[in-house]
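With our numbering, you'll find the sequence shown wraps up at 214, consecutive numbering, no jumps.
The beta carbon of each residue, even a glycine, is placed where N, CA and C say it ideally should be.
These numbers come from a predicted model, not from an experiment.
Quick notes on the structure that follows.
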Amino acid sequence: MNSNNKKLILLAIIIALNVAISKILLIPTPGGFITVMDGLVFTAASLFGKKEGAIVGGLSGFLLDIVSGYPQWMLFSLVIHGAQGYLSASTKSRPLNYLLATTLMVISYGLANILFYGPGGFLPSLIPNLLQNISGIIIATALVPVLQRVLKLSTP
Numbered sequence: 059m060n061s062n063n064k065k066l067i068l069l070a071i072i073i074a075l076n077v078a079i080s081k082i083l084l085i086p087t088p089g090g091f092i093t094v095m096d097g098l099v100f101t102a103a104s105l106f107g108k109k110e111g112a113i114v115g116g117l118s119g120f121l122l123d124i125v126s127g128y129p130q131w132m133l134f135s136l137v138i139h140g141a142q143g144y145l146s147a148s149t150k151s152r153p154l155n156y157l158l159a160t161t162l163m164v165i166s167y168g169l170a171n172i173l174f175y176g177p178g179g180f181l182p183s184l185i186p187n188l189l190q191n192i193s194g195i196i197i198a199t200a201l202v203p204v205l206q207r208v209l210k211l212s213t214p
């Protein structure tokens with residue numbers, strides 16, 4: 059099996075695990091939910107690169123919204139988490155990548171909340187989405203070095 063097929067299979071497994079774990083650990087909020095999904099988005103981007111991070115982020119967010127009963131968010135999640143995954147590996151500095159990705163995700167969901175809830179929907183979404191990203195950064199920081207050794211990967 060060639061390396062592209064192996065990478066595709068690995069990304070599919072990460073997406074499936076991400077959706078399953080995030081669904082189990084989903085915390086409902088008045089405007090949606092908080093999840094651990096960002097951890098594997100950051101991890102995939104850090105291990106494989108921005109394109110792969112975008113794929114894992116977009117598809118994980120899209121599928122999680124469908125299986126969690128929030129289909130109205132699935133297209134937003136496809137784009138926002140896809141962009142988050144892309145930005146998570148966009149420079150040589152992992153902290154800068156995570157900062158850019160977090161900023162984009164938090165502000166984008168705040169703006170999307172305005173469409174659903176009016177202008178008052180922006181601010182209440184900021185803290186939960188920021189906490190979701192911070193937990194994702196912590197998860198990725200723990201997982202990336204371990205998975206690099208197990209998978210014998212070098213950082214892109």
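Leu75 is the residue among Leu173, Leu184, Leu75 whose C-alpha sits nearest the C-alpha of Gly97. Relative to the Cα of Ala102, the nearest Cα in the group Ile85, Pro129, Gly143 belongs to Gly143. Here Pro186 is buried: its Cβ has 16 or more other Cβ atoms, across all protein chains shown, within 10 Å. Between Gly168 and Ser151, the gap from beta carbon to beta carbon reaches 7 Å or more. Looking at Val125, Phe120, Val99, the one whose alpha-carbon comes closest to that of Glu110 is Val99. CA-to-CA, the gap between Gly140 and Leu154 works out to about 17 Å. Annotated as proximal: Ala147 and Lys108, with beta-carbon spacing under 7 Å. The Cβ neighbour count for Gln190, taken over all protein chains shown within 10 Å, is at least 16; the residue is labelled buried. In the pairwise beta carbon analysis, the region 64 to 72 is classified as not touching the region 82 to 95: fewer than three pairs are separated by under 8 Å. Within the model, the alpha-carbon separation for Asn63 versus Leu181 is close to 43 Å.
Note on geometry: alpha-carbon atoms of Arg207 and Met59 lie some 21 Å from one another. According to the DSSP assignment, Thr199 belongs to the alpha helix (DSSP H) that extends over 180 to 209.
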